[in-house]
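In full-length UniProt numbering, the protein residues as written are 1 to 277.
Built from N, CA and C at the ideal position, the CB exists for glycine as well.
Since we're looking at a predicted model, the values are computed, not measured.
Right under this line is the structure:
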């Protein structure tokens, strides 16, 4: 498969696009970039138009103002869709990208055809909140790579790290090379916005999948089930033995889950419109 070439929107968002068909947009997590989705491009681009972009303050995209709210990150996605002349898309958000996907669903419901939230956070306990706020403060003081070793230990299994040292080293380098201000602005939102407009989640009316890994310490199965319970008709999936970075560590398993959901979502949408498949 030919690798897509990064392009930019007029506002400065860097993105990759590959494939034809219904558009599927991928949003990465804090400290990462659009390159994390290589396994999903391989698995999905034969059937869908797959688009991945760099979040504000990450990769090759422009920096956010220091006081940018979560709505600003959702607006970035809306601008990208406008640039690509896409009316509606399936949005798949990972970790912080899951918060952005939720904000997009609530602020731009007419632009969304289906929603997937992977390994993301919801309703943290006081202890969980204290831990992530402390890590955000440490990163603000010492830089984006302040707690990188602990993060990689949480994100990947020991077996994967041992078998794929070059890939793990590349992710370590991505984390360390983040712009400090962009990283801090984004991480601060990630640390504090897990309950963003939680009372409005019942208004989401598109097919929705919420999933995480059984061993994800920060985006737990309990969070996944609680979030899915707030969204009408949402399905929750917990992948056995997977940790946080399951789109990278287990792309075949994740892609199968996504493809199954995307087919079901299309069937549901067509049925709702009275279209005979």
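Straight-line gap, residue i to residue j (C-alpha atoms, nearest Å)
{"i": "residue 20", "j": "residue 53", "result": "17 Å"}
{"i": "residue 123", "j": "residue 70", "result": "17 Å"}
{"i": "residue 61", "j": "residue 13", "result": "5 Å"}
{"i": "residue 37", "j": "residue 251", "result": "9 Å"}
{"i": "residue 11", "j": "residue 79", "result": "8 Å"}
{"i": "residue 145", "j": "residue 212", "result": "24 Å"}
{"i": "residue 50", "j": "residue 261", "result": "15 Å"}
{"i": "residue 114", "j": "residue 200", "result": "17 Å"}
{"i": "residue 75", "j": "residue 215", "result": "32 Å"}
{"i": "residue 129", "j": "residue 189", "result": "12 Å"}
{"i": "residue 161", "j": "residue 43", "result": "22 Å"}
{"i": "residue 18", "j": "residue 134", "result": "39 Å"}
{"i": "residue 7", "j": "residue 35", "result": "13 Å"}
{"i": "residue 178", "j": "residue 273", "result": "44 Å"}
{"i": "residue 254", "j": "residue 247", "result": "6 Å"}
{"i": "residue 103", "j": "residue 127", "result": "24 Å"}
{"i": "residue 84", "j": "residue 39", "result": "23 Å"}
{"i": "residue 271", "j": "residue 208", "result": "16 Å"}
{"i": "residue 163", "j": "residue 170", "result": "14 Å"}
{"i": "residue 198", "j": "residue 68", "result": "20 Å"}
{"i": "residue 66", "j": "residue 184", "result": "8 Å"}
{"i": "residue 82", "j": "residue 101", "result": "16 Å"}
{"i": "residue 86", "j": "residue 108", "result": "13 Å"}
{"i": "residue 125", "j": "residue 194", "result": "11 Å"}
{"i": "residue 22", "j": "residue 265", "result": "12 Å"}
{"i": "residue 9", "j": "residue 172", "result": "27 Å"}
{"i": "residue 63", "j": "residue 33", "result": "13 Å"}
{"i": "residue 245", "j": "residue 59", "result": "18 Å"}
Residue from the options with nearest C-alpha to residue i
{"i": "residue 55", "options": "22, 132, 16 and 89", "result": "16"}
{"i": "residue 280", "options": "196, 211 and 221", "result": "Nothing about residue 280 can be read from this structure; the chain reaches only from 1 to 277."}
{"i": "residue 180", "options": "221, 31 and 88", "result": "31"}
{"i": "residue 149", "options": "168, 137 and 159", "result": "168"}
{"i": "residue 99", "options": "249, 152 and 27", "result": "27"}
{"i": "residue 156", "options": "243, 182, 184 and 220", "result": "243"}
{"i": "residue 5", "options": "144, 128, 22 and 41", "result": "41"}
{"i": "residue 241", "options": "226, 193, 186 and 158", "result": "158"}
{"i": "residue 25", "options": "90, 9, 67 and 43", "result": "90"}
{"i": "residue 236", "options": "140, 146 and 210", "result": "210"}
{"i": "residue 187", "options": "166, 203 and 147", "result": "147"}
{"i": "residue 174", "options": "227, 192 and 152", "result": "152"}
{"i": "residue 48", "options": "270, 269, 258 and 271", "result": "258"}
{"i": "residue 111", "options": "204, 45, 256 and 245", "result": "204"}
For residue i: DSSP bridge partner residues
{"i": "residue 73", "result": "DSSP lists no partner for residue 73."}
{"i": "residue 15", "result": "7 and 53"}
{"i": "residue 235", "result": "209"}
{"i": "residue 90", "result": "24 and 114"}
Inter-residue CB distance, residue i and residue j (contact presumed, cutoff 8 Å)
{"i": "residue 154", "j": "residue 217", "result": "5 Å"}
{"i": "residue 206", "j": "residue 224", "result": "Incorrect: roughly 18 Å between the Cβ atoms, too far for contact."}
{"i": "residue 182", "j": "residue 72", "result": "The pair is not a contact, with the Cβ atoms about 12 Å apart (cut-off 8 Å)."}
{"i": "residue 222", "j": "residue 132", "result": "About 16 Å; that fails the 8 Å criterion."}
Cβ pair count under 8 Å reaching 3, the region 113 to 130 against the region 82 to 101: The region 113 to 130 vs the region 82 to 101: in contact.
Decide if the region 130 to 145 is in contact with the region 224 to 234; the criterion is three or more beta carbon pairs, one per stretch, under 8 Å apart. With a cut-off of 8 Å, the region 224 to 234 and the region 130 to 145 do not count as touching, because too few Cβ pairs lie within range.
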